[in-house]
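Note that the sequence shown covers residues -17 to -1, 1 to 316 in mature numbering (1 follows the signal peptide of the UniProt record, and there is no 0).
Backbone N, C-alpha and C fix where the C-beta goes; we use that ideal spot for every residue, glycine too.
Okay, so here's the structure we're looking at.
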Amino acid sequence: MSSLFLIFLLCITMATAAQLRSGFYSETCPEAESVVRQVMKNALIREPRSVASVMRFQFHDCFVNGCDASLLLDDTATMLGEKDALSNINSLRSFEVIDEAKEALERVCPGVVSCADIIIIAARDAVALTGGPFWEVRLGRLDSLSAKQEDSNEIMPSPRSNASSLIDLFHNYNLSVKDLVALSGSHSIGQARCFSVMFRLYNQSGTGQPDPAIEPKYREKLDRLCPSNVDQNVTGDLDATPRIFDNQYFKDLVAGRGFLNSDQTLFTFTKTRKFVELFSKDQSEFFKAFVTGMLKMGDLQRDQPGEIRRNCRAINGRHMNRLWESGRERIVI
Ligand code: HEM
Ligand SMILES: *[C@@H]1O[C@H](CO)[C@@H](O)[C@H](O)[C@H]1NC(C)=O
Ligand SMILES: *[C@@H]1O[C@H](CO)[C@@H](O)[C@H](O)[C@H]1NC(C)=O
Ligand SMILES: *[C@@H]1O[C@H](CO)[C@@H](O)[C@H](O)[C@H]1NC(C)=O
Ligand SMILES: *[C@@H]1O[C@H](CO)[C@@H](O)[C@H](O)[C@H]1NC(C)=O
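Printed below as a string of structure tokens:
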């Protein structure tokens, strides 16, 4: 029995990403999506911004070694996780909303729904609950067994990025120019820190001058929000309607009122401008392209071992002795 069990254990650790599909939990946890939805509804009431913060997790998780919830792992004595990576530190927030969803799911169907899938469901719900489109998500991801801070540092784009470097970055993931522009439309909800815009206001590209692409009235507003001696954790809205998922973000870009350099550059560059113009005029085109982009981004997977974490912040402890003794206990992969 013991060698058989060892083989079983090996299979578990070796388990790799399955084919993703909608209805993945229809037998094993039919309530999975409604449980997450309820948690997101509560989060929206408690703090409207939190759903935007949760939606951002999909981007920061999926781009770094695939959608595997590596982002959610806390540091350990032997591992520096992604939470303190350059783009995440003092910036990613609302991890407690994912914890709440996980705890609720562990009560309803313990050991079944991965944290990686929770991120995907929650991101979809954030959009749907703020006025954006709804779509069917593909599920069945596993949670990673580790995380690497330097991977996030190397990959995630800075707010200073220009459109041509963003096009290249997204291209590495088979995401098109249209996908890039549509997915940037996620900045239709949420906020950013003065830290992410100061250089644009006072020293764009080392010129000692503001970015000339900023519309003057909007620049005055940003100067008031973020004077040069400001606490750089002060936040401002990413578009004029930060609680509504709509195409206002693209209208703002056309008007020179994009918050981040990486936003405004989508209008100043010719290759991306035509999509900004299209989405600013036609919200349903934006919604369609956004759904396509989120599905493609959600399909990014690395062939690597995984498990269903019991707590999204830590990998499951494997206490060999206890496992040996409890051969009848259900083992979570
Ligand atoms: C195209 C490249 C992108 C860049 C350079 C970028 C950069 C940023 C930056 C700098 C912030 C503000 C961070 C801060 O000041 O604390 C931010 C916020 C945000 N990003 Fe992006 N982002 C990009 C794409 C995306 C994508 C693809 C998504 C999701 C699909 C996304 C979702 C969000 C959301 C929802 C917020 C607001 C979060 C909140 O209010 O807490 N971003 N992004
Ligand atoms: C865009 O940014 C990259 C990386 O910072 C830089 O090398 C490149 O020259 C920039 N491209 C343009 C056209 O400004
Ligand atoms: C992009 O597509 C190519 C060809 O279909 C494939 O080999 C590659 O793995 C894809 N890259 C990613 C990151 O999905
Ligand atoms: C602006 O940026 C450049 C290059 O990064 C730097 O050398 C210069 O000192 C900065 N100027 C100010 C006023 O901060
Ligand atoms: C923002 O706040 C954090 C923690 O409260 C602090 O460590 C950090 O230095 C602040 N960041 C900036 C840019 O002021």
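For residue j and residue i, believed in contact at Cβ under 8 Å, the rounded distance
| i | j | result |
| --- | --- | --- |
| F292 | Q174 | The question names Phe, but residue 292 in the sequence shown is Arg. With a Cβ gap of about 29 Å, R292 and Q174 do not count as contacting. |
| S245 | P142 | 5 Å |
| G289 | D134 | Rounded, the Cβ-Cβ distance is 16 Å, inconsistent with contact. |
| A162 | G276 | The residue you asked about is not Ala; residue 162 is Asp in the sequence shown. Indeed, because the Cβ distance is near 4 Å, the residues count as touching under 8 Å. |
| L236 | V180 | L236 to V180, Cβ: 15 Å. No contact. |
| E65 | A130 | 5 Å |
Proximity of residue i and residue j at Cβ, strictly below 9 Å
| i | j | result |
| --- | --- | --- |
| G168 | F273 | yes |
| H170 | L112 | no |
| N299 | K85 | no |
| V19 | I101 | yes |
| L283 | F7 | no |
| V120 | V80 | no |
| A15 | I103 | no |
| F178 | A106 | no |
| L122 | Q287 | no |
Residues near residue i in its chain [Cβ-Cβ closer than 8 Å; skip 5 each side]
| i | result |
| --- | --- |
| R296 | L55, L56, D57, F78, D82 |
| V160 | I150, F153, K254, T255, F258 |
| E198 | A238, G239, R240 |
| I227 | T113, G114, S171, I172 |
Cβ neighbours of residue i in the same chain (closer than 6 Å, five flanking residues each side left out)
| i | result |
| --- | --- |
| F270 | P116 |
| D194 | R183, Q187 |
Contact set for residue i: own chain, Cβ-Cβ below 7 Å, skip 5 residues either direction
| i | result |
| --- | --- |
| K234 | S263 |
Buried or exposed by the 16-neighbour rule on C-beta atoms within 10 Å, applied to residue i
| i | result |
| --- | --- |
| I28 | exposed |
| M23 | buried |
| Q2 | exposed |
| D126 | buried |
| Q192 | exposed |
| residue 337 | In the structure as shown, the chain begins at -17 and stops at 316. Residue 337 is therefore absent and cannot be evaluated. |
| S211 | exposed |
| V146 | Val is not the amino acid found at residue 146; the sequence shown has Ala there. Result: buried. |
| L69 | exposed |
| N59 | As written in the sequence, residue 59 is Thr, which differs from the Asn given in the question. T59 is exposed by the Cβ-count criterion. |
Item to check | Those runs of the alpha helix (DSSP H) which lie wholly inside the segment 264 to 296 and span at least 4 residues | outcome: 266 to 281
Item to check | Ranges of the alpha helix (DSSP H) found wholly within the segment 135 to 167, counting only runs of at least 4 | outcome: 146 to 154, 160 to 167
Item to check | Every unbroken alpha helix (DSSP H) within the segment 166 to 206, with a cutoff of 4 residues, ordered by chain | outcome: 181 to 185
Next on the checklist: To test your reading of the DSSP string, which unbroken alpha helix (DSSP H) runs of 4 or more residues are found completely within the segment 195 to 260?
Outcome noted: Here the runs fully enclosed are 199 to 208, 231 to 237, 244 to 251.
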